[in-house]
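Trainee:
In our numbering, the protein residues as written are 4 to 79.
(1) Hey, how far is the Cα of residue 37 from the Cα of residue 20?
(2) State the DSSP-derived secondary structure class of residue 35, mapped to helix, strand or coil.
(3) Taking the beta carbon of residue 55 as the centre, do at least 16 other beta carbons fall within 10 Å, making it buried, or is it exposed?
(4) Leaving aside the five residues before and after residue 42 along the sequence, list all residues of the same chain whose C-beta is less than 7 Å from its C-beta, in chain order.
(5) Taking the alpha-carbon of residue 22 as reference, which of 40, 52, 15 and 10 has the nearest alpha-carbon?
(6) Taking its Cβ as the centre, do 16 or more other Cβ atoms sit within 10 Å of residue 32, making it buried, or is it exposed?
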């Protein structure tokens, strides 16, 4: 993807510590997921995975989905 700021889109990254060590990163707009030993590595890997995904499956009309929360019963 181009690094020209006019051609960039801002997407969400959700990051959490993985139980086996390292970090997992998720982009909910595309569903891409990646991992890394550090937070910055996980985010860099997610950025690359998301760019590759969007080359094949562009976001329709650059519309951003509505992101909200839901509540579920505590299963612990």
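The beta-carbon is built from N, C-alpha and C at its ideal position, and this holds for glycine as well.
Mentor: The relevant details are as follows:
(1) 12 Å
(2) Of the three classes helix, strand and coil, the one that applies to residue 35 here is strand, per DSSP.
(3) exposed
(4) 18 and 26
(5) 40
(6) buried
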